[in-house]
Amino acid sequence: MKKIICLLLLPSFIIFTACEDDDDHKGDSSIKAANPSITISDVPTTEVTLDEQDITYNFPITLSEPQLIDIPIYITVSGEATLGEDFEIPEKVVIPAFTTTGNIALKFSADDILEGDETVTIQIGDSRTVNSTLTSKTVKYTIHDATVPSEVGFSIDWSYTFEFNDEEFDLADLTDLDFFVYDENDDLVESAATGSVPEEFVLPADLADGTYTITVNPYAISFDGEFNGEPLGPFVIPIKITASRAVPEKELVLTYEGLSTDDQDKFFDNSGNYVELVIARIVKTGDTFEILDQADESVGTLRQKANATSHGVKK
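Mind the numbering: the sequence shown is residues -18 to -1, 1 to 297 in mature numbering (1 follows the signal peptide of the UniProt record, and there is no 0), read in order.
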């Protein structure tokens, strides 16, 4: 009889023991789904004006407590400035699950184009972010094109080293070349006739649109005295023309090879009434200078760019 009673009580004991297990096996985590708050830091409260430059602003984002899912914060932009050219910012930033921090990077970039002032308005956060408390932040930036058109400089060099009877000579010491710039009416615009090598001149940024001609005047050559009357085989006098701008640094180079040392009797007469040879042309259109070679083939263009000034608020 006792054996029967014990057998009957055994299932009840197993059931009772199972009911006393405190683990409900539901996979509960210490991180609870909640309605956390999102804080966006370092966003200016007033409009910002900055000179065009390469600069990055960072806006930290903090979640009040970690969540089981990713939390996205969306960003919208508007204004004249071009996304991907004038500035960069992501469409959204995600705070990953089980973390509490993120960052938004707003990067501005400088370029070599005269654009005038442009604006961009950045809004961080909107109603697309759910399951959290978020107050959006908005800031407007005015990008000041802190520039004025720059001048374009020209340097003309005909240095050339050669040997004759085992002696080394520099062509720049034996010749005197002068250079002049004329407009479409053949009026003199600029000159470089100092006797120096290289010769240099500058064309101003406000030069009127039009086509300008650069000429070379072979003023003097002194081969006979240097070589004691011995014959010197003719060779081309290479004239290197370099056109450049300072900001951003860029230059175009072409070489004129239409003048030879055997042109002494034809050109080099020391009279001031010597023949002028066209060695290049300049086409000024708006804010660009296009350089053409002696065959009127384009060598390239130089866009005007100004030196940046320092004014505006920088964060």
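We treat Cβ as the ideally placed atom computed from N, Cα and C, and that holds for glycine.
- By the neighbour-count definition (other C-beta atoms within 10 Å, threshold 16), Gly177 is an exposed residue.
- Using a 10 angstroms sphere on the CB of Ile273, the tally of other CB atoms reaches 16 or more, which defines it as buried.
- For the 8 Å CB-CB criterion, Phe183 and Val198 do not form a contact.
- Restricting attention to Thr31, Asn113, Val30, the CA atom closest to the CA of Leu45 is found in Asn113.
- Beyond the five residues adjoining it in sequence on each side, Thr143 comes within less than 8 Å, by CB distance, of Glu150, Phe151, Asp152, Leu153 in the same chain, given in chain order.
- Taking the CA atoms as reference points, Ser173 sits about 8 Å from Asp160.
- By the neighbour-count criterion, in which 16 or more other beta carbons inside 10 Å mark a residue as buried, Asp191 falls on the exposed side.
- About 5 Å separates the beta carbon of Pro54 from that of Val76, a gap short enough to meet the 8 Å contact definition.
- Shortest Cα-Cα distance from Val179 to any of Pro200, Gly66, Asp139 involves Asp139.
- In this structure, DSSP gives Asp169 a state outside helix and strand, which the three-state scheme calls coil.
- Relative to Val265, the option among Val257, Arg285, Glu258, Leu259 whose CA is nearest is Arg285.
- Counting C-beta atoms within 10 angstroms of its own C-beta, Phe80 has fewer than 16 neighbours from the protein chains shown and is therefore classed as exposed.
- In this structure, DSSP gives Thr243 a helical state, which the three-state scheme calls helix.
- Scanning its chain for C-beta atoms nearer than 8 Å, with the 5 sequence neighbours on each side dropped, one finds around Ser242 the residues Pro216, Phe217, Val218, Ile219, in chain order.
- Checking the DSSP bridge columns, you'll see Tyr123 partnered with Val30, Val102.
- In this structure, Ile261 is the residue among Val102, Ile261, Pro48 with its C-alpha nearest to the C-alpha of Thr237.
- Counting along the chain, Leu185 sits inside the beta strand (DSSP E) bounded by residues 181 to 185.
- Arg227 places its beta carbon less than 8 Å from that of Ser132.
- Non-local beta-carbon contacts of Asn85 in its own chain, meaning distances under 8 Å to residues more than five positions away in sequence, involve Asn40, Phe41, Pro42, Ile43, Val75 in chain order.
- With contacts defined as CB atoms closer than 8 Å, Asp127 and Glu166 fail to qualify as a contacting pair.
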